[in-house]
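Protein chains in written order, with full-length UniProt numbering: chain A, 1 to 336; chain B, 1 to 292; chain C, 1 to 620. For every residue, glycine included, the Cβ atom is placed at its ideal position computed from N, Cα and C. First up is the structure itself, then whatever we jot down about it.
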Amino acid sequence: MNFLKRYIIPRLIQYFIVIFIGITVVFLVPRLTPLDPVVTVLNRMTAYGAQYLDPSAIEKLKETMMELYGLKGNVLEQYLKFWGRLFKGDFGPSLSIFPTPVISIIMNSLPWTAGLLITVALLSWIIGNILGGLAGYYGDRNWAKILGLLAMTIYPIPYYIMALVLLILFAYVFPLFPMTGGYSVGLTPSFSLEFILNVLKHAFLPALSLILIGIGWWFLSMRSLTSTIVSDDYVVYAQIMGIPSRRILFQYVMRNALLPQITNLALQIGGIFSGSLITETVFSYPGLGQMLYMAINNGDYNLIMGIAVFSIVGIATAALLIDLLYPLFDPRVRYR
Amino acid sequence: MFLVIKDLYKSDKKFAFGFTVLMILIFLALISFLSPYDPKLWNVAPKNLPPSFKYILGTNSMGQDIFWNLTHAIKNSLFLGSLTAVISIFVGTLVGLVAGYLGGRTDRILMSINDSFIVIPSLPILILISSIIKQHISIVLIAVILSLFSWPWGGRQVRSIVLGLREREFTYTANFSGMDTLKIVLTEHLPFVIPWVMANFINTILWAIGMETTLAIYGLSSLETPTIGTTIYWALQYQALLRGIWWWIFTPVLIAILLFIALYLLSVSISNYLDPRTRLQRMRMKEGGLEA
Amino acid sequence: MKKISILLLFILLLSLLGSSVTFSQVLPKLPRHETLIVDALHGRLANPKDFNFWKPGVSVGNGTQQMLLDGLWYLDPQTGKTINALASSAPIYENNFKKMTVKLRSGIYWSDGKPFTADDVVFTVTYLMAHPGMSYSDAFNRYVSKVYKKDNYTVVFELKESVPAFHYLFTSIVYATCYIMPKHVFEKVQDPLKFEFNPPVSLGPYLLKQYDPQGYWWLFERRADWKRTSVGQLYGMPKPRYVLFIYYGPDEKKVMSQAQHQLDLIFDLTPEAWEILRKSNPYSRVWYKDFPWAWMDDVRARIMAMNLEKAPYNNKDVRWALTLATDIVDVVTSGFDGIARVNPLWICATESLLKEYYLPLEDWLKNFALEDGFKPWDPTVPDRIVDYAKKRGYTFSGNPREIFGIGWWKYAPDEAEKLLTKNGFKKVGGKWYLPDGTPWKITITAPANFEIHATRLAFAVADQWRKFGIDVNVETVEAGPFWNKWNLGDFEVGSYWEVPATDFYNFVQGYHSRFLKPTGQVATAGNQIRWKNPKLDALLDQLVNLQPESPKAKSIVMDILKLYVEEMPAPVFIINLKFNAQDHYYWTNFPTSDNSYMAPVWWWGQFKFILPFLQPTGRR
């Protein structure tokens, strides 16, 4: 009970404060930029040859639209209105694709982003950490050194290039995989095996590009963590005692090394809501990253806020869960 | 200091390799001051020439000599990365150490601030900020903005290490012997944190260069200033990959890889050298000739 | 345990690879030889299911306006001719342009079987007028006092004032126009701003068959009753049974798709991307068979816009000096590899407009002189570009003046120096100083990740001016801020493309000084360069009372063009071009330089009229 009062409640308060600060910052920054959603839409209309004979007609349209978008009133008024709507669960209409509700735009792309990024995060975490642990423990073996060299070479390749090279190699030069989209044109989404296989085929290259870089990162960090633990007393003792290497590695060394890695994994999963812009661009893969980018370029305040709120809440929640569950993983940790 | 470097150079192969490569890259960065071409000018050389004696790394589609352009790119990228890393490591480590050790309300306040920066999605805000400061954009400004987003990761991780250390015996010993907080944090805990700091330093440099590349690909960096990122941007703009102008697109990638390997190996060997636990191990090895 | 799981992973991978042998088609279920695949202009749409075009801000270029919507008239910029689509003839004006009568084509039906009649046209106008916030609402409210039908195929407009170009509201001049709404659908809609018009009822020759909820593709199928549409009546059956609008991604992917014959028509490519495509696909073609390949009859041209309210750009001599300090042939050859048509006047040098305005003005241009007698016209420009092309080893055939333009301004840095020193500028140590003694620094604003030619022009011109001795810096900006700066006047020099073509009449109205918005306020009417000139005002006052097609109007346009040359508010460089590549593998007889029957604009509403001309090659 004491623990609850002294630790959990303050931690929860901190959680809400963090979300509050984050949302406020994301609310303010777009409004401080010269981007104006109404002007953007007007520009789009005039750029595509809207034939108004009298230029003063455009003037009136601007007024009408500001009303429509709820952009009248100063920043503070808009801020309070925003929170009012948020508590009702309403993110408002998108300003660049008026009046489609922001929430429906997000829900449309979210399954793709979540599916791809969560799978990628888990797969690369598992593979990367296992390989990294092995390489860190058996540091002197040749294969460990080769793996290390491979990771060190692949990880720093700029992601755009990696994605592009994979695309060109495996969708063009050797046309093994589709070049574009989440699924083939003309197929209707359903839970049939045909559709699922189609989705997997389309997701393969985007996932591969992300996993390769991901494995590089987890591998290297895990390896450095394990190599420091390897010299700890209890490990040496266990070796002397004759416990098989594999058991030492998996049950002693890695369990200790994994702690910071779990934190990072949670934060990474919490952060999927921003999508992966480059993956989506290069592979024409549906997702939230492009939505966010488009929202920024069009000054679409509501859509930016919508996605940002998801993202902020996601990461903050992940961090909160980690903090609360950490004592379960590491018995050494006590909170004052 | 020099003796240490010489020592490491002789004994540790990783250090030797990393150090050498880094020195080469720094050398390349320095000779950029001798470059016969102003990196902002186009059409100072014929376009799209493959590497030759006159143009060591060939020329690109804007009529620039790639080799001299690259020297500027290395200089600018290194500078950008280092500046970002220095600022963010400094702030992040300090925050993490203090928050981890003191706990209680200080911890919560510091972590609230820390986490607020983590939860804000970095790429969108970076794009927004770049669009505001477009006129005054420069390497230094990019570094400062990037460090706004990279310091909190260090903060969190250092804090979690310290949380583990805090309960260890030597901490209690130090505390009971009357050491004050700052001294404990700096003299007892910092050495354990250093391996992590070094890894973080490297990663921040690389993250900074990577982020700058990402921003550059979207045209939001200082496009006229050569960096690894902007070189890739221009190469992609002119479809260097599909046109087979490999010398243009692969050189910045190769440099990025070499830079990473060099810095990484250096950091691994330095942190091994500094880490009290491995130092003991090495001392034991020297005395007893044991296999590690 | 671990080894087994790795083995399983391998087996899974292999099976995936195996099953992907049949992947290669984009359309597993459609006959490729009966389908035309077109690049989607807007890229991925966040809300692909909204087909209510009449809401402001809805993107219609991804197939909606090309396949489903139709309007009264279309003005084809390539030939300069007007197509009478839903209207059967040109509008009839009476009463000093206060009354307009339109005769409609009969025998046209909506895709759900209801006939198209004057009721739909009348409804469109009254409905939009009644719902502020919809496109064209404000425009109609401004001009229309009454609209009614005289019979089922005749509509009469009574206007509040004399508007000789009222029919332009219903003419597709650039890209789109006010399309006609189906009365039987929209009369039931209470709030049109929330209505999504899904599934859409089509007036064009195609139906919406299917679309991607993620916003990447739209599939259209030809109507069985295509004869009952304007396209069918005018030109016959549109040949492709299916049309797929799809967005593949960045240029590299479009190139790879067309090289694999999975994309027939591309919106635009960078010159380098075109080079790759040209080399990998022998069936690809843009406009000309050989150099310079590109389609250069687009409806805008590129300028170095200057904010005329900022010094020193408010001085005509300075503007002419900057123009003369630029070697246009150098810009074209080193910035664009010779692929550009020079465009010296304030109207685009398209195939039709070259004949209509440029050739008649040629003598005047040859004799035009600045105040000190210097004659800046240079007719040798096209030939010098051809020389460059030949040196580069390109095959070239055709008339240089038709392809590269009839001339531009001379490269005369000496004259430029004279003009500047006359105004107090000083050149010290090879660098220019403003009259107030400070070094002359120019910042050119250019687009960051779109409209690549504008960016390249900016860099090329910056190069020229630097050689001349000015300290120039190019600042690239993303689309949002780019257009905001333009409208607010927050720039010194900017690489924009503010030159009209067949829409000159509308375009130029906004340059009247009564619409001028000073720097810092949004320029809603155009004229972002803030050009204020009493002679221009006088000409515009005359022009607004004339019908755009009248000869008097055309001569006033020529006077405006001459005024522009004298004042040189913003030097015009090159016409916009596109590498809108066509794949002749499955379909052929697209418009090209040998057969320029229509503008090759797949993203405009008039694309539907090209479809009956296409021919299948027979390949499967």
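Look up residue i in the DSSP assignment and give the residues it is bridged to.
i	result
Ala35(C)	In the sequence as presented, Ala is not what sits at residue 35(C); that position holds Thr. According to DSSP, Thr35(C) bridges with Tyr242(C).
Met304(C)	Ser495(C)
Tyr237(A)	Its beta-bridge partners do not exist; DSSP assigns none.
Lys99(C)	Glu94(C), Glu158(C)
Which stretch, first to last residue, makes up the alpha helix (DSSP H) that contains residue i?
i	result
Tyr326(A)	301-329
Gln210(C)	Per DSSP, Gln210(C) belongs to no alpha helix (DSSP H); it is in the beta strand (DSSP E), 206-211.
Phe166(C)	Careful: Phe166(C) lies outside any alpha helix (DSSP H) and carries neither H nor E.
Thr228(A)	193-229
Glu252(C)	251-259
His443(C)	In the sequence under discussion, the amino acid at residue 443(C) is Thr, which differs from the His named in the question. Thr443(C) -> not in any alpha helix (DSSP H); beta strand (DSSP E) instead, spanning 441-447.
Phe52(C)	Looking at the sequence provided, one finds Asn at residue 52(C) rather than Phe. Looking at the DSSP string, Asn52(C) is not in any alpha helix (DSSP H), and its letter there is neither H nor E.
Between the C-alpha atoms of residue i and residue j, what's the straight-line distance to the nearest angstrom?
i	j	result
Val21(B)	Phe260(B)	10 Å
Thr231(B)	Thr59(B)	12 Å
Met1(C)	Leu28(B)	In this predicted model, Met1(C) has a pLDDT of only 47, less than 50, meaning its place in the structure is not dependable; the value taken from the coordinates is given anyway. If you take the alpha carbons of Met1(C) and Leu28(B), they lie about 49 Å apart.
Leu263(B)	Ile202(B)	6 Å
Pro226(B)	Asn69(B)	7 Å
Gly232(C)	Trp226(C)	6 Å
Ala266(A)	Phe19(B)	35 Å
Pro115(C)	Lys183(C)	10 Å
Tyr234(A)	Arg166(B)	19 Å
Ala238(A)	Tyr137(A)	14 Å
Lys366(C)	Trp346(C)	17 Å
Tyr358(C)	Asp378(C)	14 Å
Asp323(A)	Gly229(B)	36 Å
Ala319(A)	Phe16(A)	12 Å
Arg142(C)	Asp559(C)	29 Å
Gln239(B)	Tyr211(C)	31 Å
Asp36(A)	Tyr293(A)	15 Å
Run the CB neighbour count on residue i, radius 10 Å, all protein chains shown included, and call it buried at 16 or more, exposed below.
i	result
Glu212(B)	buried
Pro77(C)	buried
Arg619(C)	exposed
Val573(C)	Note that residue 573(C) corresponds to Phe in the displayed sequence, not to Val. That one is buried.
Glu371(C)	exposed
Val21(C)	The pLDDT assigned to Val21(C) is 38, lower than 50, so where the model puts this residue is not dependable, and the model offers no usable value.
Lys201(A)	buried
Asp300(A)	buried
Ser11(B)	exposed
Glu161(C)	exposed
Gln582(C)	buried
Thr204(B)	buried
Trp83(A)	exposed
Lys146(C)	exposed
What span of residues does the beta strand (DSSP E) with residue i cover, start to end?
i	result
Gly244(B)	Per DSSP, Gly244(B) belongs to no beta strand (DSSP E) and is neither H nor E.
Ile8(A)	Segment: none, Ile8(A) is in no beta strand (DSSP E) and carries neither H nor E.
Glu19(B)	One point to set straight first is that residue 19(B) is Phe, not Glu, in the sequence displayed. Where Phe19(B) is concerned, there is no enclosing beta strand (DSSP E), although the alpha helix (DSSP H) it sits in stretches over 13-31.
Asp471(C)	471-477
Glu221(C)	217-222
#### Entry: Segment contact flag, the region 234-246 of chain C with the region 32-39 of chain C, C-beta cutoff 8 Å, min 3 pairs
yes
### Cβ pair count under 8 Å reaching 3, the region 142-150 of chain B against the region 120-129 of chain B
yes
### Query
Touching or not, the region 278-295 of chain C and the region 592-605 of chain C, by the rule of three or more beta carbon pairs under 8 Å?
yes
### Query
Touching or not, the region 379-395 of chain C and the region 529-536 of chain C, by the rule of three or more beta carbon pairs under 8 Å?
no
### Task
Taking 8 Å as the threshold, find out whether the region 81-89 of chain C comes into contact with the region 138-155 of chain A through three or more Cβ pairs.
no
### Query
Is the number of C-beta pairs between the region 404-423 of chain C and the region 362-376 of chain C that are closer than 8 Å three or more?
yes
#### Entry: Segment contact, 8 Å Cβ cut-off, at least three pairs: the region 50-62 of chain C with the region 122-135 of chain C
yes
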